[in-house]
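A.B. asks:
2 protein chains.
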Amino acid sequence: MKNIDDIAKLAGVSKSTVSRYLNNGSVSSQTKQKLDEIIQTYDYQPNQFAQSLRAHRTNMIGTIIPRMNSHAVDETVKGIKTICDKLNYRLLLNYTNLNTELEIDALETFYRSKMDGVIFMATDITPEHIEVINKVRVPVIIVGQSHKDLHCITYDDYQAGYLVGDLLGQKGYQHIKFFGVTESDSAVGIHRKNGLIAGLQKHGIQPSISITSFHYSEALIDVEKELQTHKHYDAIVGATDAIALAVHKYQSKHGISKHVVGFGGDPVTEIVSPPIQTVPYAFEHAGEVAMDMLDKMIQHQPVEKEIVIGIDQTFKK
Amino acid sequence: MKNIDDIAKLAGVSKSTVSRYLNNGSVSSQTKQKLDEIIQTYDYQPNQFAQSLRAHRTNMIGTIIPRMNSHAVDETVKGIKTICDKLNYRLLLNYTNLNTELEIDALETFYRSKMDGVIFMATDITPEHIEVINKVRVPVIIVGQSHKDLHCITYDDYQAGYLVGDLLGQKGYQHIKFFGVTESDSAVGIHRKNGLIAGLQKHGIQPSISITSFHYSEALIDVEKELQTHKHYDAIVGATDAIALAVHKYQSKHGISKHVVGFGGDPVTEIVSPPIQTVPYAFEHAGEVAMDMLDKMIQHQPVEKEIVIGIDQTFKK
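If you want it as structure tokens, here you go:
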């Protein structure tokens, strides 16, 4: 078992630099990388310093949420909160209304408020995000999107799309309409779409694809425009439950009841009649996994770079 | 114009006590009351100390939210956020899942994190809440409930209930079922219900009343039990939109389409078919009003004790 002196010698830095590193203080990225490696190699557990480390910690966690009235956000925060309660962290949320500038500001606010770590429910990760995440020097975990330079919890969106495509093919549908979203959201805009295309391709089907908005009311306008002029589809897929609900609204207004599929497991898909088929996502579980991972990072324990949450294949009804 | 010396003399306390008071520090409740009165009487504007006060401030606002996946919470936070952005405050949220213990803890966490003020979206205010609110010594505003000892933003729930009762009477409905909630939530459980009863009474109608839960899935069970055995109602009122949606679900499952009314203006009431009639609440406006009021309190300007947000009477369709 190595102690802090050994670590300092191995890294060729002073003991106080190691201590600063352990307390999430400022060290160069080169030193940080070196210390990361040494600590991982020797499986260094800084538990003997837990008491002193603790003094530097606030036991507060910040979470950045892009919107409020959302099943996905609600469930994810529930999961984060469960683990926070278990591990005696306080959870504070920062609501950014899908605005990049506010997200950057939220990261800085959490850093200044001395949060021990941050969970960021992201839709789009820009170079500006990366810059500030590197700057704030507290552990940050992204939920919902993948990024090569960041710790992430993601969903198997390709698989979710594939399952739906394969299922629709099996059921004998021929003319499929897909309402997707912008590719700047790579999870939903790219992976989910590509999975669907591949699942349908297995059955020799090529879907018609339009791009619409994440917002129900904006999607409703696009859906109306498209479905009023193209009536030959026998199944319609929304890239999200909100989009699927817009399709449902259009159909019930016009007395149509073609098969509609969404993604996310929003309970509203059950309230409407007929219910919409939706692929449930394990948002709450993802929140728990994210907070467990963040706690390990705060304690300088080794963690995975990315954890992919699987899709429950039994959803088919 | 009085200065801080005059205020101290008038109150019979030291200048440092006045300064402590102005900086939200600890002063006795007796002294606080005396200083409140003097400052209000002489319309004392501590602007000349703004700079020094500012140094003691973090420009951070805490908001306690009882749940996430809620139209009311979403809209209220939007309103709060708009004013925070305008006045250069940072907004942090604490999610308490309708748990009193977590609410108490949230108040203390915000106090320890040196928030300048707190907005509390409450459903039930217990003596424990009052105790901690008095203890934390930062301005706290309650949104959604009224309490004689606290600053509040409330809705005219009685009027909302009355409008619905009167409207149903005018439309000629005779047998009205009302699904209410516990009276421990006085806004919804008492005022909204009493308004409905009074509005119906004007037309000589007495509703049948059952108590159910705020949660859709729990309400669905109660609604099924009641409506399966009592089929003679010609209109059904839910104390909230979630309850009205449970009634809608029951009806669409059984091919029934009696008139359903809810409260809150949740957009889901528009997605379902047929749409549910709902009384819109100005949640976003209430959030703006609350944050404006909180800012005044932080600056020690006089504010109203309670502001009642009116109901838009044009909702009738």
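These protein sequence lines map, in sequence, to chains R and U. Mapping of the first sequence onto the UniProt record's numbering: position 28 corresponds to residue 28, and the numbering continues sequentially without gaps. Mapping of the second sequence onto the UniProt record's numbering: position 112 corresponds to residue 112, and the numbering continues sequentially without gaps. Idealized CB from N, CA, C, for every residue including glycine. Keep in mind it's a predicted model, so treat the numbers as computed, not measured.
1) So that I know if they touch, is there some Cβ in chain U lying closer than 8 Å to that of V138(R)?
2) So what does DSSP say about N134(U), is it helix, strand or coil?
3) Using only CA atoms, which one of P302(R), E288(R), I311(R) lies nearest to V143(R)?
4) Given G199(R), which residues of its chain have a CB within under 8 Å of its CB, disregarding the five upstream and five downstream residues?
5) Of all the options K258(U), S210(U), N97(U), which has the alpha carbon lying nearest to the alpha carbon of G124(U)?
6) Identify which residue in A286(U), Q313(U), D185(U), D6(U) has its Cα closest to the Cα of T41(U).
7) Using 8 Å as the limit for Cβ to Cβ distance, is R90(R) near chain U?
8) Say whether chain U places a C-beta atom closer than 8 Å to the C-beta of T109(R).
9) Whole angstroms are fine: how far does the CA of Y21(U) sit from the CA of L53(U)?
10) Which residues, in order along the region 225-249 of chain U, keep a beta-carbon less than 9 Å from a beta-carbon of chain R?
11) Closer than 7 Å between beta carbons: that is the criterion. Which residues of the region 279-290 of chain U meet it against chain R?
12) Candidates A122(U), K81(U), M121(U), M60(U): which alpha carbon is nearest K114(U)'s?
13) Within the 8 Å Cβ cut-off, does S213(U) reach chain R?
14) DSSP has R90(R) in a bridge; who is on the other side?
15) Following the continuous beta strand (DSSP E) through A122(U), name the residue where it begins and the one where it ends.
16) Mind checking if L98(U) is an interface residue toward chain R, Cβ cutoff 8 Å exclusive?
17) Run through chain R and tell me which residues come within less than 8 Å of residue 379(U), C-beta to C-beta.
18) Of the residues that make up the region 290-312 of chain U, which ones have a beta carbon closer than 9 Å to any beta carbon in chain R?
19) Could you say which of H230(U), H300(U), H285(U), I298(U) lies nearest to V77(U) if we only look at CA atoms?
20) For T31(U), report the span of its alpha helix (DSSP H) as first-last.
21) Checking contacts by CB at 8 Å: is I271(U) closer than that to chain R?
22) Do A244(R) and V188(R) have their C-beta atoms within less than 8 Å of each other?
23) Report back the beta-carbon spacing between M68(R) and D74(U) to the nearest angstrom; my notes put them in contact at under 8 Å.
24) Which chain R residues sit within Cβ distance under 8 Å of G71(U)?
25) Rounded to a whole number of angstroms, what is the C-alpha to C-alpha distance between N47(R) and D295(R)?
26) Taking Cβ positions only, does L93(U) come closer than 8 Å to chain R?
27) How big is the Cα-Cα spacing for D312(R) and Y281(R)?
28) Do the region 132-142 of chain U and the region 78-90 of chain R touch if we need at least three Cβ pairs shorter than 8 Å?
29) Residues of chain U with CB closer than 8 Å to the CB of K81(R), please, in chain order.
30) Let me see if you follow: with CB-CB separation under 8 Å, is D74(R) close to chain U or not?
31) With 8 Å set as the bound, which would you pick, yes or no: does the beta-carbon of E101(R) sit closer than that to a beta-carbon of chain U?
32) Tell me which residues share the same chain as E226(R) and place their Cβ nearer than 6 Å to its Cβ, disregarding the 5 neighbours each side in the sequence.
33) Take P267(U) as the anchor and find which of V279(U), S257(U), H259(U), K258(U) has the nearest alpha-carbon.
34) Going by CA-CA distance only, name the one from F110(R), A235(R), H254(R) that's closest to Q228(R).
35) Give a yes or no on whether the C-beta atoms belonging to G11(R) and K32(R) are separated by under 8 Å.
36) Mapping the DSSP letters down to three states, classify S208(U) as helix, strand or coil.
C.D. replies: The relevant details are as follows:
1) Numbered from its first residue, the first sequence carries residue 138(R) at position 138. It does not; no Cβ of chain U falls within 8 Å.
2) Numbered from its first residue, the second sequence carries residue 134(U) at position 134. Note: N134(U) maps to helix in three-state DSSP.
3) Looking up residue 143(R) in the first sequence gives position 143. Residue E288(R) is the option with its Cα nearest to V143(R).
4) By 1-based counting over the first sequence, the position of residue 199(R) is 199. Same-chain partners within the cutoff: G161, Y162, L163, V164, G165, D166, L167, L168, G169.
5) Here residue 124(U) corresponds to residue number 124 of the second sequence, with the count starting at 1. A quick correction: the sequence has Asp, not Gly, at residue 124(U). Of the candidates K258(U), S210(U), N97(U), the one whose C-alpha sits nearest the C-alpha of D124(U) is N97(U).
6) Taking the first residue of the second sequence as 1, we reach residue 41(U) at position 41. Comparing Cα-Cα distances from T41(U) to each of A286(U), Q313(U), D185(U), D6(U), the minimum goes to D6(U).
7) For the purposes of this step, residue 90(R) is taken as residue 90 along the first sequence, with counting starting at 1. Yes, because at least one Cβ of chain U sits closer than 8 Å to the Cβ of R90(R).
8) Indexing the first sequence from 1 puts residue 109(R) at position 109. Closer than 8 Å: yes.
9) Within the second sequence, residue 53(U) is the residue found at index 53, counting from 1. Within the second sequence, residue 21(U) is the residue found at index 21, counting from 1. Residue placement at L53(U) is flagged as unreliable, the pLDDT there being 47, under the threshold of 50; a coordinate-derived value is accordingly withheld.
10) L245, A246, H248, K249
11) none
12) By one-based count along the second sequence, residue 114(U) stands at place 114. The shortest Cα separation from K114(U) among A122(U), K81(U), M121(U), M60(U) belongs to M60(U).
13) Here the question's residue 213(U) lines up with position 213 in the second sequence. Not an interface residue.
14) By one-based count along the first sequence, residue 90(R) stands at place 90. Answer is M60(R).
15) Looking up residue 122(U) in the second sequence gives position 122. Premise fails: A122(U) is in no beta strand (DSSP E) and is neither H nor E.
16) Counted from its first residue, the second sequence places residue 98(U) at position 98. So no, L98(U) is outside the interface.
17) The question about residue 379(U) has no answer, for chain U in this structure spans 1 to 317.
18) none
19) For this step, residue 77(U) is matched to residue 77 along the second sequence. Considering only alpha carbons, the answer is H285(U).
20) Position 31 of the second sequence holds residue 31(U). 29-41 is the span of the alpha helix (DSSP H), which, as asked, contains T31(U).
21) Counting from 1 along the second sequence, the entry for residue 271(U) is found at position 271. Yes, because at least one Cβ of chain R sits closer than 8 Å to the Cβ of I271(U).
22) Locating residue 244(R) in the first sequence gives position 244, counting from the first residue. Locating residue 188(R) in the first sequence gives position 188, counting from the first residue. No, they are not a contact pair.
23) Mapped onto the first sequence, residue 68(R) falls at position 68. Mapped onto the second sequence, residue 74(U) falls at position 74. The Cβ separation is near 4 Å, so the contact holds.
24) For the purposes of this step, residue 71(U) is taken as residue 71 along the second sequence, with counting starting at 1. Gly is not the amino acid found at residue 71(U); the sequence shown has His there. Ordered by position in chain R, the residues that pass the 8 Å Cβ test against H71(U) are N69.
25) Working through the first sequence from its first residue, we reach residue 47(R) at position 47. Working through the first sequence from its first residue, we reach residue 295(R) at position 295. In this prediction, N47(R) scores a pLDDT of 47, lower than 50, which makes its location untrustworthy; no coordinate-derived value is stated.
26) Translated into positions along the second sequence, residue 93(U) becomes position 93. Judged by the 8 Å Cβ criterion, L93(U) is in contact with chain R.
27) The residue you call residue 312(R) lines up with position 312 of the first sequence. The residue you call residue 281(R) lines up with position 281 of the first sequence. Cα to Cα, the separation comes out at about 8 Å.
28) no
29) In the first sequence, residue 81(R) corresponds to position 81, counting from 1. The answer, in chain order, is Y95, N97.
30) Counted from its first residue, the first sequence places residue 74(R) at position 74. It does: the Cβ of D74(R) has a partner Cβ on chain U nearer than 8 Å.
31) For this step, residue 101(R) is matched to residue 101 along the first sequence. E101(R) does not count as touching chain U.
32) Within the first sequence, numbered from 1, the residue matching residue 226(R) stands at position 226. Within the same chain, E226(R) has close Cβ partners S210.
33) Here the question's residue 267(U) lines up with position 267 in the second sequence. Among V279(U), S257(U), H259(U), K258(U), the Cα nearest to that of P267(U) is on V279(U).
34) Within the first sequence, residue 228(R) is the residue found at index 228, counting from 1. Closest option to Q228(R), Cα to Cα, is H254(R).
35) Position 11 of the first sequence, counted from the first residue, corresponds to residue 11(R). Position 32 of the first sequence, counted from the first residue, corresponds to residue 32(R). For the record, residue 11(R) in the displayed sequence is Ala; it is not Gly. No, the Cβ-Cβ distance between A11(R) and K32(R) is not below 8 Å.
36) For the purposes of this step, residue 208(U) is identified with residue 208 of the second sequence, where counting begins at 1. Looking at S208(U) - three-state DSSP - the assignment turns out to be strand.
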